[in-house]
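> Residue numbers (our numbering): 5 to 544.
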Ligand code: ADP
């Protein structure tokens with residue numbers, strides 16, 4: 005080796021080190037993937053003296069960007085690029101994770117020239133290097149020169165070093181960009197969300213709230229940031245109840261109905277969905293979605309008012325139909341024609357049943373809303389049982405069912421809404437008749453234990469399976485039996501509400517195969533006030 009060649013070699017080595025050192029510092033400072041690509045490409049092309057250079061970058065294995073020396077092309081390079089990345093030199097480097105050198109591009113079938121300069125020369129040599137970081141290809145750099153055999157081993161080594169640095173910097177900036185995009189998407193979702201969302205720390209101190217939350221609560225963001233999530237909820241309805249905070253901190257989702265205070269002193273019913281947001285490194289937060297229920301409550305109220313009106317307005321005409329049929333029955337008392345008698349009986353019973361249903365629907369609504377019992381008076385339960393039995397007798401006769409009474413002689417008077425309790429008894433007898441076989445016997449008994457009085461209706465019907473013995477007292481709950489007409493499933497729900505409104509209880513005993521015994525108990529000492537527990541939300 006001559007001295008001149010040695011100095012030249014050391015110099016070029018020094019130059020290479022300087023270039024790599026400078027580039028490393030510049031790349032470390034870059035925050036955008038486009039700038040990383042630009043710097044890598046310019047540094048390499050400058051060091052190697054190549055007039056043609058381009059980098060294609062990938063994000064999540066998809067073509068992300070393309071940058072070429074000398075700016076863009078006159079037409080969209082993507083279709084041609086896709087072909088190059090599949091079948092061309094870049095495709096080869098990409099798929100084999102290998103640097104490829106072509107000393108004469110005119111003689112190599114992998115060189116697929118792009119339609120436009122400056123991306124692609126028509127003759128000379130080319131060097132193609134994949135940008136690989138942690139085993140993942142994040143880009144492919146192609147360099148070309150009009151001279152054949154231009155790329156020496158030194159040039160290839162230098163390009164490999166630069167591409168390694170470039171790949172690491174590109175991966176980091178691409179990750180940063182993905183994180184930024186995700187953050188922007190979340191911020192946009194957060195701010196544009198039509199539901200109020202509040203973010204707190206794990207102790208409940210408010211950190212951020214979206215636009216909708218500020219509007220809904222009437223506070224500015226700054227004002228909210230001086231409050232805690234508990235302070236905006238009405239005491240006794242908020243996140244401090246029970247284990248809610250504890251559950252949230254343990255990562256469980258918590259849902260509850262609550263009431264929030266607004267800045268103007270008014271309150272609103274809300275459904276709260278809260279969950280912990282895991283960011284790691286001790287910066288976890290809790291997200292609170294405060295779904296406004298006022299319009300839903302308004303619709304529910306309108307629907308309730310509407311159905312109350314309908315039930316109420318049905319009762320009058322049904323009452324008239326019933327009394328007219330009764331009058332007709334009396335007028336035609338001497339008419340011996342069996343068809344006339346039959347038709348009148350059926351019509352009387354049907355109208356009476358329809359009236360009972362309208363009454364029960366109205367009562368269910370009244371009781372569910374926690375309204376007071378009306379017209380309570382001291383009543384003789386045995387007398388109510390006898391009345392109910394008389395009402396049901398025609399139905400029982402139709403099925404040739406006999407009703408036996410076993411009434412306790414020592415029953416105390418009880419303070420009840422008699423009409424309602426009589427309908428409870430009628431409902432139980434009605435069911436017993438409906439579900440019992442023709443010709444069977446139903447026993448209706450009363451008893452007293454000192455603190456409670458009992459009414460019991462025993463039948464020999466199909467019985468009630470054990471797993472349905474609780475649910476039959478829910479609205480619209482039914483057990484299917486063969487050959488038995490289906491009801492609407494409201495009778496027992498009414499019975500339960502009515503009995504519980506009087507401070508009593510109702511249950512059924514049945515083996516689930518033959519016969520059921522329905523019993524209800526009412527307290528002898530009626531509560532001093534007849535206030536009912538409210539099931540509503542008590543909203544202002
Ligand atoms: P309905 O009788 O109109 O369906 P209820 O609320 O009175 O509604 O009764 C709910 C369900 O309970 C009935 O559908 C029936 O499946 C069951 N059930 C009620 N009473 C009896 C009974 N005495 N014997 C057997 N099943 C009964």
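Note that CB positions come from ideal geometry on N, CA and C, so glycine has one too. All of these numbers come straight from a predicted model, not from anything done at the bench.
1. Near residue 225, which residues of its chain fall below 7 Å by C-beta distance, leaving aside the five closest residues on each side in sequence?
2. Just the C-alpha distance for residue 413 and residue 383, rounded to the nearest angstrom, thanks.
3. I'd like to know whether the C-beta atoms of residue 433 and residue 396 end up nearer to each other than 9 Å.
4. For residue 459 versus residue 389, is the C-beta spacing smaller than 9 Å?
5. Does the beta-carbon of residue 228, which I'm using as the reference point, lie nearer than 8 Å to any heavy atom of the ligand ADP?
6. Hey, would you say the C-beta of residue 403 is under 8 Å away from at least one heavy atom of the ligand ADP?
7. Is it the case that the Cβ atoms of residue 405 and residue 437 are separated by a distance below 9 Å?
8. In terms of residues, what are the limits of the beta strand (DSSP E) holding residue 71?
9. Sorted by chain position, which residues of the same chain lie with C-beta nearer than 8 Å to residue 203's C-beta, five sequence neighbours on each side aside?
10. Mapping the DSSP letters down to three states, classify residue 432 as helix, strand or coil.
11. Is it true that the segment 189-199 meets the segment 150-165, where meeting means three or more beta-carbon pairs spaced less than 8 Å apart?
12. Taking the alpha carbon of residue 95 as the reference point, which residue from 73, 131 and 233 has its own alpha carbon closest?
13. List the residues that DSSP assigns as beta-bridge partners of residue 57.
14. Spell out the partners DSSP gives residue 275 in its beta bridges.
15. Identify whether residue 446 lies in helix, strand or coil by the three-state DSSP scheme.
16. Is the separation between the beta-carbon of residue 42 and that of residue 108 shorter than 9 Å?
17. Quick one, which of 144, 268 and 23 has its alpha-carbon nearest residue 92's?
18. Helix, strand or coil for residue 289? Go by DSSP, reduced to three states.
19. Determine the contact status of residue 505 and residue 448, defining contact as a CB-CB distance below 9 Å.
20. Is it buried or exposed for residue 360, if we count other Cβ within 10 angstroms and need 16 for buried?
21. Excluding the five sequence neighbours on either side, which residues of its own chain have a C-beta within less than 7 Å of the C-beta of residue 199, listed in chain order?
22. On the three-state DSSP scale, how would you describe residue 498?
23. Taking 8 Å as the cut-off, is the CB of residue 494 close to at least one heavy atom of the ligand ADP?
24. Distance, Cα to Cα, residue 267 vs residue 241?
25. What span of residues does the beta strand (DSSP E) with residue 211 cover, start to end?
26. Give a single yes or no on whether residue 440 has its beta carbon closer than 8 Å to a heavy atom of the ligand ADP.
27. Given a cut-off of 9 Å, decide if residue 178 and residue 37 are closer than it, judged by their beta-carbon atoms.
28. Do you know whose CA, among 304, 283, 426 and 220, lies nearest residue 264's CA?
29. Select from 297, 237 and 252 the residue whose C-alpha is nearest the C-alpha of residue 205.
30. Which residue marks the beginning of the alpha helix (DSSP H) containing residue 137, and which one marks its end?
31. Going residue by residue through the segment 187-239, where are the continuous alpha helix (DSSP H) segments of at least 4 residues, counting only ones entirely within it?
32. Looking at the structure shown, is residue 18 part of a helix, part of a strand, or coil, going by DSSP?
33. Which of the three DSSP states is assigned to residue 381 in this structure?
Per the coordinate set shown:
1. 213 and 218
2. 14 Å
3. yes
4. yes
5. no
6. no
7. yes
8. 66-72
9. 210, 211, 212, 213, 281, 289, 290, 291 and 292
10. helix
11. Fewer than three Cβ pairs drawn from the segment 189-199 and the segment 150-165 lie within less than 8 Å of each other, which leaves the two stretches out of contact.
12. Looking at the Cα atoms, 131 is the closest of the given residues.
13. By DSSP's assignment, residue 57 forms a beta bridge with 147.
14. 261 and 295
15. strand
16. no
17. Of 144, 268 and 23, the residue nearest in Cα terms is 144.
18. strand
19. no
20. buried
21. 216, 293 and 295
22. helix
23. yes
24. 18 Å
25. 210-213
26. yes
27. yes
28. It is 220.
29. 252
30. Unbroken run through residue 137 is the beta strand (DSSP E), 129-137; no alpha helix (DSSP H).
31. 215-221 and 225-228
32. helix
33. It is a strand residue.
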